[in-house]
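Participant: One structure is given below, represented as structure tokens, and several questions about it will come after.
Number of protein chains: 2
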Amino acid sequence: MSIDRRSGCPINLSLEVFGDRWSLIILRDMIFGGRRHFRELLNGSLEGIASNILADRLKRLMELGLLTKADDPSHKQKAIYSLTEMAITLVPIMAQLGAWGRVWLPVTEELSIRAELLEKGGPPLWEQFMDELRHEHVGAPSKTPPGTPTVRQQLRAAYEEVVARKAEAPSV
Amino acid sequence: MSIDRRSGCPINLSLEVFGDRWSLIILRDMIFGGRRHFRELLNGSLEGIASNILADRLKRLMELGLLTKADDPSHKQKAIYSLTEMAITLVPIMAQLGAWGRVWLPVTEELSIRAELLEKGGPPLWEQFMDELRHEHVGAPSKTPPGTPTVRQQLRAAYEEVVARKAEAPSV
DNA sequence: GCAACTGATTGCAAAATGCAATCGGATTGG
DNA sequence: CCAATCCGATTGCATTTTGCAATCAGTTGC
Chain A
6 MSIDRRSGCP
16 INLSLEVFGD
26 RWSLIILRDM
36 IFGGRRHFRE
46 LLNGSLEGIA
56 SNILADRLKR
66 LMELGLLTKA
76 DDPSHKQKAI
86 YSLTEMAITL
96 VPIMAQLGAW
106 GRVWLPVTEE
116 LSIRAELLEK
126 GGPPLWEQFM
136 DELRHEHVGA
146 PSKTPPGTPT
156 VRQQLRAAYE
166 EVVARKAEAP
176 SV
Chain B
6 MSIDRRSGCP
16 INLSLEVFGD
26 RWSLIILRDM
36 IFGGRRHFRE
46 LLNGSLEGIA
56 SNILADRLKR
66 LMELGLLTKA
76 DDPSHKQKAI
86 YSLTEMAITL
96 VPIMAQLGAW
106 GRVWLPVTEE
116 LSIRAELLEK
126 GGPPLWEQFM
136 DELRHEHVGA
146 PSKTPPGTPT
156 VRQQLRAAYE
166 EVVARKAEAP
176 SV
């Protein structure tokens, strides 16, 4: 279940962590979609992960140190998953991955608007986003000045705007 | 063999391209190791890819537009694989992946020195490297001033330096 | 009480992977 | 000229991983 360690190359070791079809998808939904519960991840993702795979990956990501699990006080059965610093620092990789995919792959507009915003914002926006995630997941005090719109709000607004524009002027 | 298209999300589509254990390893060896032939990729990589998997992935990467294949004029049997622009623009992703792995995973010093150099050099160095790759693989004219040491030379020198230092002061 | 929901687990078929052996053609050394 | 070697794969087969549906036992809301 843990790591193979085929070689000590950083790229190889990174691939052994999330060189599969689901681990990064789960982290994407937690980072950008704000999902924290098993069912949210199960039903919320567009790609339709199976529950056994999800359970397996969550376990694996915890073992690798990317996630932690805690009891949700509001519900004795609910578990709440949190991103660790190790996972939060994946934001730049996610941003680059999104930027590359947007250029070379048949992405849909609604789904790529977030990647575009993240690309345009560059490293400063990534830092602000990572700061927010640390606040939400690790409980760290936020360094962004109060009143600043959160990155998640910006991402959401950009998405809504595209959806609204498409609804009023359907192209297909 | 081609793409699943589970969703139009850029991160998902990117994962469908190289969300497996070997595709990025092959591209890494071509980009950073300068390997162009089947046997070089087969025997040269530390991770020990099987020949059938290598053949499968080379075919797949060609179908996806990341590689092209041409006859080697010097040897009627040899094929030479080239990176396309699509593959060359993976350099920033590779750099970020290496940087992340260097922080969070048990990398070895010899193998992570290249990631370190690439991280320190930042986007300008990435651009220079991509320019070199375009020159080597696509035949584009190089924009870097003559006399400048190539990134590949710098990467090689940094690696040699670590190996030499380790040889004269063995820690284990 | 009971239906709906919680985070999972089980069983099973299908696909991917890892590994070793092998292929036919091309080249090289003597 | 001929054997050995090298070339990019291909084949067969056992093991592992994946995808999918059904199911589980405990919790909650009504």
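First to last, the protein sequences are chains A and B.
Each residue of the first sequence is one higher than the one before, counting from 6 in the numbering used here.
Each residue of the second sequence is one higher than the one before, counting from 6 in the numbering used here.
Backbone N, C-alpha and C define an ideal beta-carbon position, used for all residues, glycine too.
(1) Under 8 Å, with one C-beta from each stretch per pair, do the stretch 120-130 of chain B and the stretch 98-109 of chain B reach the 3-pair mark?
(2) Any contact between the stretch 123-136 of chain A and the stretch 72-79 of chain A? By contact I mean 3 or more CB pairs, one from each, below 8 Å.
(3) If you run the structure through DSSP and keep just helix, strand and coil, what is I118(A)?
(4) Against chain A, which members of the stretch 93-109 of chain B pass a CB distance test of less than 9 Å?
(5) Quick check on A75(B): does DSSP put it in helix, strand or coil?
(6) With the cut-off set at 8 Å, would you say L69(B) and L63(B) are in Cβ contact?
(7) Kindly indicate which residue of L32(A), E52(A), D9(A) has the alpha-carbon position closest to the one of M67(A).
(8) Kindly list, in the order they appear in chain A, the residues whose Cβ is closer than 8 Å to that of S122(B).
(9) Quick one: give me the first and last residue of the alpha helix (DSSP H) that L102(B) is part of.
(10) Could you have a look at S87(B) and say whether DSSP puts it in helix, strand or coil?
(11) Given this structure, state the Cα-to-Cα distance separating N17(A) from Q133(A), to the nearest angstrom.
(12) Run the CB neighbour count on S28(B), radius 10 Å, all protein chains shown included, and call it buried at 16 or more, exposed below.
(13) For the putative contact between E3(B) and S19(A), defined by C-beta atoms under 8 Å, what is the C-beta separation to the nearest angstrom?
(14) Determine, using beta carbons only, whether L88(A) and H142(A) come nearer to each other than 8 Å.
(15) Quick one: which chain A residues come within Cβ less than 9 Å of D61(B)?
(16) Step through the CB atoms of chain A and report whether any lies within less than 8 Å of the CB of P129(B).
(17) Can you look up W131(B) in the DSSP assignment and give me helix, strand or coil?
(18) Indicate whether at least one CB of chain A lies closer than 8 Å to the CB of V24(B).
(19) Using beta-carbon positions only, say whether V156(A) and E114(A) come within less than 8 Å of one another.
(20) Roughly how many angstroms lie between the CA atoms of E21(B) and L59(B), to the nearest whole one?
(21) Just how far apart, CA to CA, sit I85(B) and S50(A)?
(22) Count the other C-beta atoms from every protein chain shown that fall within 10 angstroms of the C-beta of E137(B), then say buried if there are 16 or more, exposed otherwise.
(23) Provide the residue span of the alpha helix (DSSP H) that contains F43(A), from first to last.
(24) Closest to I30(B) by C-alpha separation, out of D34(A), F37(A), P15(A), P150(A), would be which residue?
(25) Which residue from L95(A), A174(A), Y164(A), G38(A) puts its Cα closest to that of F23(A)?
(26) Keeping to the same chain, check which residues put their C-beta closer than 8 Å to that of F140(B); ignore five residues upstream and five downstream.
(27) Let me know the secondary structure DSSP gives D9(A) once reduced to three states.
(28) Quick one: does L72(A) have its CB under 8 Å from some CB of chain B?
(29) Under 8 Å between C-beta atoms, does E165(A) make it to chain B?
(30) Quick one: which chain A residues come within Cβ less than 9 Å of G13(B)?
(31) Assuming R139(A) is part of the alpha helix (DSSP H), what are its boundary residues?
(32) By how many angstroms is the C-alpha of L47(A) removed from the C-alpha of R40(A)?
(33) Measure from the alpha carbon of A163(A) to the alpha carbon of each residue in G106(A), D9(A), L116(A), then state which is nearest.
Facilitator: According to the data block:
(1) Between the stretch 120-130 of chain B and the stretch 98-109 of chain B there are three or more inter-stretch CB-CB distances shorter than 8 Å, so the stretches are counted as touching.
(2) Because the criterion of three Cβ pairs below 8 Å is not met, the stretch 123-136 of chain A and the stretch 72-79 of chain A do not touch.
(3) Helix at I118(A).
(4) The stretch 93-109 of chain B vs chain A, Cβ under 9 Å: T94, L95, P97, I98, M99, A100, Q101, L102, G103, A104, W105, G106, R107, V108, W109.
(5) Looking at A75(B) - three-state DSSP - the assignment turns out to be strand.
(6) Taking a C-beta distance under 8 Å as the contact criterion, L69(B) and L63(B) do not qualify as a contact pair.
(7) Taking only the C-alpha atoms, the option nearest M67(A) is L32(A).
(8) In the sequence as presented, Ser is not what sits at residue 122(B); that position holds Leu. What L122(B) touches in chain A: nothing, since even the nearest Cβ is about 12 Å away.
(9) For L102(B), the enclosing alpha helix (DSSP H) starts and ends at 96-109.
(10) Judged by DSSP in its simplified three-state form, S87(B) adopts strand.
(11) Taking the straight line joining both Cα atoms gives about 29 Å.
(12) It is buried - the Cβ of S28(B) has at least 16 other Cβ atoms within 10 Å.
(13) Residue 3(B) lies beyond the range of chain B shown here (6 to 177); nothing can be said about it.
(14) It is a contact, given that the beta carbons lie within the stated cut-off.
(15) In chain order: nothing, as chain A lies at least about 16 Å away.
(16) Chain A contact via Cβ: absent.
(17) Correct three-state label for W131(B): helix.
(18) Reading the sequence as shown, one finds Gly at residue 24(B) and not Val. Yes - at least one Cβ of chain A is within 8 Å of the one on G24(B).
(19) Annotated as distal: V156(A) and E114(A), with beta-carbon spacing of 8 Å or more.
(20) Straight-line Cα distance between these residues: approximately 17 Å.
(21) Each residue's Cα considered, the two are about 41 Å apart.
(22) So E137(B) ends up on the buried side.
(23) Annotation: the continuous alpha helix (DSSP H) that includes F43(A) extends over 43-49.
(24) Ranking D34(A), F37(A), P15(A), P150(A) by Cα distance to I30(B) puts P15(A) first.
(25) Minimum Cα distance to F23(A) is reached at L95(A).
(26) Before going on, a small fix: residue 140(B) reads as His here, not Phe. Counting only Cβ-Cβ distances below 8 Å, and skipping sequence neighbours, we find P146, S147.
(27) Look at D9(A) here: in three-state DSSP terms it is coil, with no helix or strand label.
(28) By this cut-off, L72(A) is not an interface position.
(29) No, because no Cβ of chain B sits closer than 8 Å to the Cβ of E165(A).
(30) Near G13(B) (Cβ distances below 9 Å), the residues of chain A are L51, L110, P111, V112, T113, E114, E115, L116, S117.
(31) From DSSP, R139(A) is part of no alpha helix (DSSP H); its letter is neither H nor E.
(32) Answer to the nearest angstrom: the Cα atoms are 10 Å apart.
(33) In terms of CA proximity to A163(A), L116(A) leads the group G106(A), D9(A), L116(A).
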